[in-house]
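Here the structure is laid out as structure tokens; the discussion comes afterwards.
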Amino acid sequence: MDEDLTEEQQMLLDASTRFIEEACPLTAVRDGAYADPGFAAAYRRQAGELGWFSFVVPEEQGGGSVSGNGAVDAALVAYRRGRLLQPGPFTGTNVVAAALAEAGSDEHRGQVVPALIAGEASASWAYGAAPGLPARVGAISAVSTAGGWRLAGRAIFVEDPGPDGWLLVTATTEDGLAQFLLPVGEAAVEVVPLESLDLSRRFVEVRFDGGSVPATALVGRPGAIDDLVARQVALAATLTVAETVGAMAHEFEMTVQYAKDRIAFGRPIGSFQAIKHVLADTSLNLEMGKALALAAARPAGEGDPYAGQAASIAKAFVGDTGIDLAQNCFQVFGGIGYTWEHDQHLYLRRISTDAAFHGDPSWHREHLCQLAGI
Numbered sequence: 356m357d358e359d360l361t362e363e364q365q366m367l368l369d370a371s372t373r374f375i376e377e378a379c380p381l382t383a384v385r386d387g388a389y390a391d392p393g394f395a396a397a398y399r400r401q402a403g404e405l406g407w408f409s410f411v412v413p414e415e416q417g418g419g420s421v422s423g424n425g426a427v428d429a430a431l432v433a434y435r436r437g438r439l440l441q442p443g444p445f446t447g448t449n450v451v452a453a454a455l456a457e458a459g460s461d462e463h464r465g466q467v468v469p470a471l472i473a474g475e476a477s478a479s480w481a482y483g484a485a486p487g488l489p490a491r492v493g494a495i496s497a498v499s500t501a502g503g504w505r506l507a508g509r510a511i512f513v514e515d516p517g518p519d520g521w522l523l524v525t526a527t528t529e530d531g532l533a534q535f536l537l538p539v540g541e542a543a544v545e546v547v548p549l550e551s552l553d554l555s556r557r558f559v560e561v562r563f564d565g566g567s568v569p570a571t572a573l574v575g576r577p578g579a580i581d582d583l584v585a586r587q588v589a590l591a592a593t594l595t596v597a598e599t600v601g602a603m604a605h606e607f608e609m610t611v612q613y614a615k616d617r618i619a620f621g622r623p624i625g626s627f628q629a630i631k632h633v634l635a636d637t638s639l640n641l642e643m644g645k646a647l648a649l650a651a652a653r654p655a656g657e658g659d660p661y662a663g664q665a666a667s668i669a670k671a672f673v674g675d676t677g678i679d680l681a682q683n684c685f686q687v688f689g690g691i692g693y694t695w696e697h698d699q700h701l702y703l704r705r706i707s708t709d710a711a712f713h714g715d716p717s718w719h720r721e722h723l724c725q726l727a728g729i
């Protein structure tokens, strides 16, 4: 996925890889270092200096990409992040920054977007039980009041933006979809930590119990943001796919190396035909996943009307084949792969969680059918 790069993209990825390896290697991920607010803040700021949260924001608002296609640049960074299971809401921060840059108020663009770009704060997208289309966002409702809006409902499976982060909340109103930008500390918002299969990231449930939020929190005009939400779905799915493929690639490389090093009956186990076939089939799925990740990123960054279809195709395919890859790698590793001390289980956890994050394969296949009018 990162083999055919411009000089600028290569410099970005080289710097990002050095940062990842020094600031948050797998040992720090395993130890849960990101749970410390000081560590998380320093990590975000350094990532912001590298431009991680600026790619999908227009230059006139302080953003900018290195290649002219911000979604591709963000996907390449996501791929490198996935290889070493990096924590933090990278996808959420980029999705929220892009949404605010397009439809936010002057205050949002003047204060929140610069903070997100600089890594001073992070953000997550909080929607209903599943992402994206109006029919699937009904778990949160919003009613207009004299002084603002009253929200009710809940959003599950939201990546934790941290105590000083922001939430972009998608809700239904009598006029259609509406979005609100709320600080995590907003009185109307209750954030409940969740236990997660993925030990490298933290997730929360966001609850709204009829509390009021100010009218200034509104992002866009209610009933006129369906296209914006659709673009958010496409970008979120695309970046999630890229992180997943990165995790798949690193896990597969570990597995191939183990098959070369592990000796059984006087020969490397990778020389046995059964292992060869498993690795060959797994390699094919990995390469297809890489191609689909780039195929989804390019139209997402170009404003292509078919970006949603490309993102859903990639998300559905990688969601299924990623889990297959992880299970195949377990078979090659054998018993050692099931031990707590080995990194194998961390990759299975991340890949399995990503398969459901921002829409599981079944949802995205249904999404494709709806887009096609089937």
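So the number in the numbering used here is just where the residue sits in the sequence shown, counting from 1, plus 355.
Built from N, CA and C at the ideal position, the CB exists for glycine as well.
So the alpha helix (DSSP H) SER707 belongs to, where does it begin and stop? Looking at the DSSP string, the run of the alpha helix (DSSP H) that includes SER707 is 699-711.
What do you reckon, are the CB atoms on VAL687 and THR610 nearer than 8 angstroms? Yes, the pair counts as a contact, with Cβ atoms nearer than the cut-off.
Tell me where the beta strand (DSSP E) around SER479 begins and ends. In the DSSP assignment, SER479 falls within the beta strand (DSSP E) that extends over 478-481.
Just mark GLN534 as buried or exposed, buried being the case when its beta carbon has 16 or more other beta carbons within 10 Å. In the assembly as shown, GLN534 is a buried residue. Its beta-carbon has 16 or more other beta-carbons within 10 Å.
Check for me: the beta strand (DSSP E) holding LEU522 runs from which residue to which? Segment 521-528, the beta strand (DSSP E) holding LEU522.
Length of the line joining the Cα atoms of SER730 and HIS719: The chain is shown only over 356 to 729; residue 730 falls outside these bounds and no answer can be derived.
How would you label GLY393, buried or exposed, when you count the other beta carbons within 10 angstroms and need 16 or more for buried? Result: exposed.
Output needed for LEU367: all residues of its chain with C-beta closer than 6 angstroms, excluding positions within five of it in sequence on either side, in chain order. Hits under 6 angstroms: VAL421.
Report all residues from its chain with a CB closer than 6 angstroms to the CB of SER717; omit the five preceding and five following residues, and keep chain order. Spatial neighbours of SER717 in its own chain (CB-CB distance under 6 angstroms, excluding positions within 5 residues in sequence) are not present.
Given that a residue counts as buried once 16 or more other Cβ atoms are within 10 Å of its Cβ, and exposed if not, what is GLY474? Here GLY474 is buried, its C-beta having at least 16 other C-beta atoms within 10 Å.
Under 8 angstroms between C-beta atoms of GLY520 and ALA470: No. Outside cutoff.
Where do the ends of the beta strand (DSSP E) carrying GLY503 lie? It spans 503-514 - the beta strand (DSSP E) in which GLY503 sits, taken as one unbroken run.
Option in THR637, GLN364, THR527, GLN725 with minimal Cα separation from PRO577: Residue nearest to PRO577 within the set THR637, GLN364, THR527, GLN725 is THR527 (criterion: CA-CA distance).
Would you tell me roughly how many angstroms separate the C-alpha atoms of MET603 and ARG586, rounded to the nearest one? Distance between the alpha carbons of MET603 and ARG586 is about 26 angstroms.
Are there 16 or more other CB atoms within 10 angstroms of the CB of ALA570, so buried, or fewer, so exposed? Within a 10 Å sphere around the beta-carbon of ALA570 sit fewer than 16 other beta-carbons, which makes this residue exposed.
Exposed or buried, what is LEU730 when buried is set at 16 or more other beta-carbons lying within 10 Å of its beta-carbon? This structure cannot speak to residue 730, because the chain is shown only from 356 to 729.
Output the distance between the C-alpha atoms of PHE563 and ALA711, rounded to the nearest integer angstrom. Approximately 23 angstroms, taken between the alpha carbons.
Quick check: ARG456 and VAL412, are their CB atoms within less than 8 angstroms of each other? Before going on, a small fix: residue 456 reads as Ala here, not Arg. Here ALA456 is near VAL412, since their CB atoms are less than 8 angstroms apart.
Beta-carbon separation of VAL427 and SER555 under 8 angstroms? Cβ atoms of VAL427 and SER555: not closer than 8 angstroms.
Considering only DSSP beta bridges, list what PRO716 is partnered with. Its beta-bridge partners do not exist; DSSP assigns none.
Residues bridged to PHE535 by DSSP? DSSP output for PHE535 lists VAL524, LEU573 as bridge partner(s).
Return yes when the Cβ of ILE511 is within less than 8 angstroms of the Cβ of ARG436, no when it is not. The Cβ atoms of ARG436 and ILE511 do not sit closer than 8 angstroms to each other.
Alpha carbon to alpha carbon, how far is GLN725 from ALA591? Taking the straight line joining both Cα atoms gives about 19 angstroms.
Could you check the C-alpha separation between GLY459 and VAL468 for me, to the nearest Å? Roughly 9 angstroms separates the two Cα atoms.
Touch check for the region 643-654 and the region 663-677: three-plus C-beta pairs under 8 angstroms? Yes: at least three Cβ pairs fall under 8 angstroms.
How many angstroms separate the CA atom of ALA589 from the CA atom of GLY663? Each residue's alpha carbon lies about 5 angstroms from the other.
Considering SER371, what are the terminal residues of the alpha helix (DSSP H) in which it resides? Residues 362-378.
If distances are taken between C-alpha atoms only, which option among LEU573, GLU529, PRO548, GLU514 comes closest to LEU537? For LEU537, the nearest C-alpha among the options comes from LEU573.
Using 8 angstroms for Cβ pairs, my map puts PHE672 next to LEU639. What's the rounded Cβ distance? With a contact defined as Cβ atoms closer than 8 angstroms, PHE672 and LEU639 miss out at about 12 angstroms.
Count the other C-beta atoms from every protein chain shown that fall within 10 angstroms of the C-beta of ALA629, then say buried if there are 16 or more, exposed otherwise. So ALA629 counts as exposed.
Just to confirm, is the Cβ distance from GLY483 to SER567 under 8 angstroms? Not a contact, by the Cβ cut-off of 8 angstroms.
Give me the Cα-Cα distance between HIS697 and PHE558, rounded to the nearest whole angstrom. About 23 angstroms.
Output the boundary residues of the alpha helix (DSSP H) element that contains GLU404. Per DSSP, the continuous alpha helix (DSSP H) segment holding GLU404 begins and ends at 392-404.
Quick check for students: name the residue ranges of the alpha helix (DSSP H) that lie wholly in the region 404-482, counting only runs of 4 or more. For the region 404-482, whole alpha helix (DSSP H) runs of length 4 or above, ordered along the chain, are 425-438, 445-458, 468-473.
Cα-Cα separation between GLU606 and CYS684, rounded to whole angstroms: Each residue's alpha carbon lies about 8 angstroms from the other.
By the three-class DSSP mapping on this structure, what secondary structure does GLY566 have? The answer is strand: DSSP assigns GLY566 an E or B state.
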